[in-house]
Each structure stands twice: as structure tokens, then as C-alpha cells.
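Asks: Provided herewith is a single structure, encoded as C-alpha cells, for subsequent inquiry.
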Amino acid sequence: MKIINYLKEILKKRFNRENFLAYIKIFGCQQNEADAEKICGFLKFLGFNFTDDILVADLILFETCAVRHTAEEKILAHIGNLKNIKKANNNIFIAICGCMVEQENIRNYIQEKFGFIDLICGAKIIENFPELFYEKLTGKKLNNFCNIHVSQVLQKNKFKAWVPIISGCNNFCSYCIVPYVRGPEKSKDYNQILDYCKKIIKNGSKIITLLGQNVNSYFYNNFNFSDLLKEIDNINGEFAIRFMTSHPKDFNKNLVDTLASLKHFSNHLHLPVQSGNNKILKFMNRKYTREEYIEKINYAREKIKNLVITSDIIVGFPGETNLEFEDTVSLIKKIQFASIFNFIYSPRVGTAAFNMQDNISHDEKVRRISKIIKIQEKISQEFLSGFVGTNLKVVIEENFANKSIARSKSNLIIELEEKFNVGDIISVKIISSKRNSLIGKKI
Ligand code: SF4
73 MKIINYLKEI LKKRFNRENF LAYIKIFGCQ QNEADAEKIC GFLKFLGFNF TDDILVADLI
133 LFETCAVRHT AEEKILAHIG NLKNIKKANN NIFIAICGCM VEQENIRNYI QEKFGFIDLI
193 CGAKIIENFP ELFYEKLTGK KLNNFCNIHV SQVLQKNKFK AWVPIISGCN NFCSYCIVPY
253 VRGPEKSKDY NQILDYCKKI IKNGSKIITL LGQNVNSYFY NNFNFSDLLK EIDNINGEFA
313 IRFMTSHPKD FNKNLVDTLA SLKHFSNHLH LPVQSGNNKI LKFMNRKYTR EEYIEKINYA
373 REKIKNLVIT SDIIVGFPGE TNLEFEDTVS LIKKIQFASI FNFIYSPRVG TAAFNMQDNI
433 SHDEKVRRIS KIIKIQEKIS QEFLSGFVGT NLKVVIEENF ANKSIARSKS NLIIELEEKF
493 NVGDIISVKI ISSKRNSLIG KKI
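Taking this note's numbering, the leading residue of the sequence shown gets 73, the next gets one more, and so forth.
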């Protein structure tokens, strides 16, 4: 506490006020949102409040993503724009965190080009943010004063909780930078996860999303992912369990049987397939075939009624021929996903695919992704129109003007023409469907 008070005094002097404001911008995935919530918990502890207006902030923090080159370019442009803010007020503290700055070349580039940045903290050392923050502000070294613990998480939405259960990845898919920037898999303490889930469910969290690059490989003291799901399912309360991301190679019949037995499973499965062609899957180092993927989906659909399945697709992987791309198209048509996140292959320095010959023109990659988007739009629309006339239980997520936006247990978005309290659970009748959402009315 002595250290915290000392830090507060330093902040008061630096910002020349009693109450401080932080502006946090998050790029990328839910893991980044979870990391940002931990940092926000620490900042709140120091007396920060949060603002959407970057121009009034005392502290600006970017939580960055490294998955795609275009995302990095966008983030670097945002960082460049901070120069004038810092020039106008040198006391503002600027921190760049996350996966992008875990890469040495990018860190060096930022340090050289944007010397005004106060703190760089990569994804692997995010738990050390408090120490690094202290050191930068005071100029003094300090070890282990306050690692960020789950108990200090500041949830953005009280009813919606991210629960990281495993960090890092051992899979080394040939296109992916994540194993390099987040390091090897490390499962979090089983009992700590359970205690945290009990606490947040008691405090009103309605959607519990278990997070990890590959949640299926969770393993801690002989407890696996199925064990963890069953224990969380036994907690008293009204909530839905979601998880992401699953790797098809580890998504097995035992796990499906467990999911089918849960009272609280959301009935939403995000299972990234990436390609429908076996040669490309091999080059991607995904360790499953098209046939195995289809078999797993069939088994899951057989065991779990009304399962909503979503996926990720990469088009234009190095060497992908048009015929191989057409295998992805046929897989999409066969599986009939509820929705897909589509990406054009993005070369990442240091990954195995970076050295593969990328001989597909940009125009061709755009043609392929456009084709998939068009096909999936039709499938999604048909899928959503199937809900018209049915009743769904939904959680109110946010309000806009006179509307509320809600989410079903299985992750469908429902627009309501009335305003409700955020976090309320209500039953609605679906009266129509749009391209990506449903329109409902309270029953
Ligand atoms: S499973 Fe593959 S795509 Fe997912 S994080 Fe690991 S390496 Fe990347």
C-alpha cells in the first residue's frame, strides 16, 4: 500500500491533478480485451477513471495486435498521431502494450521512430505492467510489487466476462505469429479460475467466455478442459459458458459429449477451419484433414441440438490454386456455418509460411475473398431467417438511441425497438431477420 500511495503522489505531481483519466484503445482479439481489463483494474486501483476522449486523457494506452500486417500498419499510424498530443503536453504518459511490441524489430522501430513513447510492454510480460509503470514513473527499479492478479480485473461489461484459462500456443500453424509473440502454452491455475468464475457469476456476469489460443489443450494438475467446463457448469446461477478458440485437431468426441451434458453451454462453437483443401491444410500445419473436420462437425451436430457453428477462413495462402480454393468454397456450402470471419493471407516475418512462394496476385486474393463473402452472406441470411417466429432468451448488451442490442445464449445478435436495462435477461419473439442480425420484440 505504501508503494501504491507513493505512486499516486507521483501521478498527482505529474498530471497536476487529483483524479486521473486514461484512454485505452484495444486492437485485435478477446485475449487483448482480457489483458486490457487487467491493466484497467490496476489503473483503477491507482485512481484512474476512463475516457473515450483521447484529448483529455493523462494516460494513453494501446493494446496492440500482430496477427495481420495491415493491422500493424494501422496501429503504427495511430501511434504516429500521438506525437502532437505529446508535444502539446509532455506530461501525458503513453504506453504501447500487446502482441505487436513483442516483436523485436517492431519494438526497435517504435523506439527509433517514436521516441516520445513512455512505456513498451509486450504480451508475454503483461503481468509485469505495474512494475514497468512504476519504474518509468519513478526512475527506480522494483521487483514483484504488484503482479496483476485476476482479482484486479476491471470488467468493461459486468454481465460479460472474459476468463483467460490458457496463454500462448504450441501449434505453430505456418502462417501464425502468435506462438512467437505469446510464447508456449501455459494453463492457468484450476482453482483460481473456478474461484474467479464463482465470484463474477455471483456479481452478475451472465456470459462467461473462457479464453485461450487453444482452449482445448488446457491441462493443469491432471484437470483438462472438459473437467474445467463441468466444474464451471456446476456453479449456481443464470449464465452461459462460451469459449474460444478451439483447434479442430483437439476438438474430440469426449469434449462434444461433455458439452452435450452441460446445463450452461451456450450452444455456440467457433471452430476455425481455415481451408477446405487437404494440401493447403498440410502446408498450414493444421494437423487435420477436410474429412476429419466434417466428421467432427457432424458428430457435434448429432449430439448437440441447435448448435451454432462459426469459423475462420484464410484465402490466398501461398501456392493456393483456384481448384484448391474451390475446395474451401465447397466446404463452406457443405457445413453451412452461421457466420465466418474471412481473411486474406497476411505474410508475417518469422513464420514458416513467410518463406513459401506467394505467387497469387492481390486482385486474385480479393476475388476469392469476395466470392466467399457473397456465398456466406446468403448462407447466413438463410440461417437467420430460420429463427423468425421463434422465441429466444437474450441478454441486453447495449443501448443506442431508442434501441437495445441483445445477444442470445448462442451468440446471435438481436435488435429490439425498445430500450431495456443493460444486463437484463428477457424473452423475445423474433419478428424478422437482417443480414447479420435478428429483429425481436419482448414477449
Ligand atoms: S492454433 Fe495456430 S492459428 Fe491458433 S494461435 Fe496457435 S498457431 Fe496461431
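Built from N, CA and C at the ideal position, the CB exists for glycine as well.
#1: Can you round the beta-carbon distance between Ile503 and Lys513 to whole angstroms, since I take them to be within the 8 Å contact cut?
#2: Answer with buried or exposed for His340, where buried requires no fewer than 16 other C-beta atoms within 10 angstroms of its C-beta.
#3: Short of 6 Å in beta carbon distance, which residues of its chain neighbour Ile151, apart from the five on each side in sequence? Order them along the chain.
#4: The beta strand (DSSP E) spanning Val235 covers which residue range?
#5: Mind the definition here: the segment 241-249 touches the segment 283-290 only if three or more C-beta pairs lie below 8 Å; say whether that holds.
#6: Which of the three DSSP states is assigned to Glu199 in this structure?
#7: Just how far apart, CA to CA, sit His221 and Gln264?
#8: Which partner residues does Phe92 have in the DSSP bridge list?
#9: What does a CB cutoff of less than 8 Å around Lys437 pick up in its chain, not counting 5 residues either side in sequence?
#10: Can you have a look at Arg479 and say buried or exposed, based on whether 16 or more other CB atoms are within 10 angstroms of its CB?
#11: Could you give the first and the last residue of the continuous alpha helix (DSSP H) run that contains Lys333?
#12: Could you check whether Phe355 and Gly391 sit closer than 8 Å to each other, using their CB atoms as the reference points?
#13: Around the C-beta of Ile515, are 16 or more other C-beta atoms found within 10 angstroms, so that it is buried, or is it exposed?
#14: For the ligand SF4, I want to know if Ile251 counts as a neighbour, meaning its beta carbon is within less than 7 Å of at least one of the ligand's heavy atoms.
#15: Pull up the DSSP beta-bridge partners for Tyr292, would you.
#16: Excluding the 5 residues preceding and the 5 following Arg314 in the sequence, name in chain order all residues of the same chain whose CB lies nearer than 8 Å to its CB.
#17: Looking only at its own chain, which residues have a Cβ that is under 7 Å from the Cβ of Ala106, when we skip the five neighbours before and after it?
#18: Within 7 Å: the Cβ of Cys169 and any heavy atom of the ligand SF4?
#19: Taking 7 Å as the line, does the beta carbon of Gln285 fall inside it for any heavy atom of the ligand SF4?
#20: Would the C-beta of Phe244 count as close to the ligand SF4, meaning under 7 Å from any of its heavy atoms?
#21: Rounded to a whole number of angstroms, what is the C-alpha to C-alpha distance between Ile485 and Ile447?
#22: Check each candidate in Tyr247, Phe201, Asn306, Lys196 and name the one with the smallest Cα separation from Glu257.
#23: Please classify Lys232 as buried or exposed, where buried requires at least 16 other C-beta atoms within 10 Å of its C-beta.
#24: With hydrogens ignored, establish whether the beta-carbon of His342 is closer than 7 Å to any heavy atom of the ligand SF4.
#25: With a Cβ-Cβ cutoff of 8 Å, do Ala94 and Asp130 count as a contact?
#26: Taking all protein chains shown into account, decide if Gly211 is buried (16 or more other Cβ within 10 angstroms of its Cβ) or exposed.
#27: Indicate the three-state DSSP secondary structure (helix, strand or coil) for Gly194 in the structure shown.
#28: Can you tell me whether Leu395 is buried or exposed? The criterion is at least 16 other CB atoms within 10 Å of its CB, across all chains shown.
#29: Within 10 angstroms of the Cβ of Gln175, are there 16 or more other Cβ atoms? Answer buried if so, exposed if not.
#30: Taking the continuous alpha helix (DSSP H) assigned at Gly152, which residues delimit it?
#31: Taking 8 Å as the cut-off, decide whether the C-beta atoms of Val380 and Ala424 are in contact.
#32: Could you have a look at Leu300 and say whether DSSP puts it in helix, strand or coil?
#33: How would you write the range of the beta strand (DSSP E) that Val467 sits in, first residue to last?
#34: Could you tell me the boundaries of the alpha helix (DSSP H) in which Lys274 lies?
Replies: Walking through what the data contain:
#1: Taking the sequence shown and counting its residues from 1, one reaches residue 503 at position 431. Taking the sequence shown and counting its residues from 1, one reaches residue 513 at position 441. Confirmed, about 6 Å.
#2: Working through the sequence shown from its first residue, we reach residue 340 at position 268. That one is buried.
#3: In the sequence shown, counting from the first residue as 1, residue 151 sits at position 79. Short of 6 Å from the beta carbon of Ile151, and not among the five residues preceding or following it, lie these beta carbons of its own chain, in chain order: Phe186.
#4: Position 163 of the sequence shown, counting from 1, holds the residue named residue 235. It spans 232-236 - the beta strand (DSSP E) in which Val235 sits, taken as one unbroken run.
#5: Taking one beta carbon from each stretch, the segment 241-249 and the segment 283-290 have 3 or more pairs nearer than 8 Å; the two touch.
#6: Position 127 of the sequence shown, counting from 1, holds the residue named residue 199. Correct three-state label for Glu199: helix.
#7: Position 149 of the sequence shown, counted from the first residue, corresponds to residue 221. Position 192 of the sequence shown, counted from the first residue, corresponds to residue 264. With a pLDDT of only 47 at His221, under 50, the local geometry of the prediction cannot be trusted, and the value read off the model is given with reservation. His221 and Gln264 have their C-alpha atoms spaced approximately 10 Å apart.
#8: Reading the sequence shown from its first residue, position 20 is the one you call residue 92. Phe120, per the DSSP bridge assignment.
#9: Taking the first residue of the sequence shown as position 1, residue 437 is located at position 365. Here the set comprises Val387, Gly388, Ile416, Tyr417.
#10: Sequence index remark: in the sequence shown, residue 479 carries index 407 (1-based). Arg479 should be labelled buried.
#11: Mapped onto the sequence shown, residue 333 falls at position 261. Lys is not the amino acid found at residue 333; the sequence shown has Ser there. Start and end: 325-333.
#12: The residue you call residue 391 lines up with position 319 of the sequence shown. The residue you call residue 355 lines up with position 283 of the sequence shown. Their beta carbons are under 8 Å apart, which means Gly391 touches Phe355 by this criterion.
#13: Residue 515 sits at position 443 when you count from the first residue of the sequence shown. Counting Cβ neighbours within 10 Å, Ile515 comes out exposed, since fewer than 16 surround it.
#14: For the purposes of this step, residue 251 is taken as the residue at position 179 of the sequence shown. Residue identity check: residue 251 is Pro in the sequence provided, not Ile. Under cutoff, so the answer is yes.
#15: On the sequence shown, residue 292 is found 220 positions in, with the first residue counted as 1. As computed with DSSP, Tyr292 is found in a beta bridge with Phe295.
#16: As a first step, residue 314 is located in the sequence shown; it is residue number 242 there, counting from the start. Once the five neighbours on either side are set aside, the close Cβ partners of Arg314 are Ile279, Ile280, Thr281, Leu282, Ser338, His340, Asn483.
#17: As a position in the sequence shown, residue 106 is number 34, starting the count at 1. The residues are Trp234, Pro236, Leu283.
#18: To locate residue 169, count along the sequence shown from 1; it is residue 97. No heavy atom of the ligand SF4 is found nearer than 7 Å to the CB of Cys169.
#19: As a position in the sequence shown, residue 285 is number 213, starting the count at 1. At a threshold of 7 Å, Gln285 counts as near the ligand SF4, since its beta carbon sits closer than that to one of the ligand's heavy atoms.
#20: Here residue 244 corresponds to residue number 172 of the sequence shown, with the count starting at 1. True, at least one ligand heavy atom lies under 7 Å from that Cβ.
#21: Within the sequence shown, numbered from 1, the residue matching residue 485 stands at position 413. Within the sequence shown, numbered from 1, the residue matching residue 447 stands at position 375. Cα to Cα, the separation comes out at about 20 Å.
#22: Reading the sequence shown from its first residue, position 185 is the one you call residue 257. Comparing Cα positions, the closest option is Lys196.
#23: Here residue 232 refers to the residue found at position 160 of the sequence shown. Residue environment: Lys232 is assigned as buried (16 or more neighbouring CB atoms within 10 Å of its CB, all protein chains considered).
#24: Here residue 342 corresponds to residue number 270 of the sequence shown, with the count starting at 1. No, Cβ of His342 sits at least 7 Å from all heavy atoms of the ligand SF4.
#25: For the purposes of this step, residue 94 is taken as the residue at position 22 of the sequence shown. For the purposes of this step, residue 130 is taken as the residue at position 58 of the sequence shown. Yes; because the gap between Cβ atoms is below 8 Å, this pair is in contact.
#26: Residue 211 sits at position 139 when you count from the first residue of the sequence shown. Exposed, by the Cβ-count rule.
#27: Locating residue 194 in the sequence shown gives position 122, where the first residue counts as 1. Three-state DSSP puts Gly194 in a strand.
#28: The residue given as residue 395 occupies position 323 in the sequence shown. Exposed.
#29: The sequence position of residue 175 within the sequence shown is 103, counting from 1. So Gln175 ends up on the buried side.
#30: Start at 1 with the first residue of the sequence shown, and residue 152 comes out as number 80. Looking at the DSSP string, the run of the alpha helix (DSSP H) that includes Gly152 is 141-160.
#31: Residue mapping note: residue 380 aligns to position 308 of the sequence shown, counting from 1. Residue mapping note: residue 424 aligns to position 352 of the sequence shown, counting from 1. Not closer than 8 Å, so no.
#32: Against the sequence shown, residue 300 aligns to sequence position 228. Note: Leu300 maps to helix in three-state DSSP.
#33: Taking the sequence shown and counting its residues from 1, the one referred to as residue 467 is at position 395. For Val467, the enclosing beta strand (DSSP E) starts and ends at 463-472.
#34: Position 202 of the sequence shown, counted from the first residue, corresponds to residue 274. Segment 262-274, the alpha helix (DSSP H) holding Lys274.
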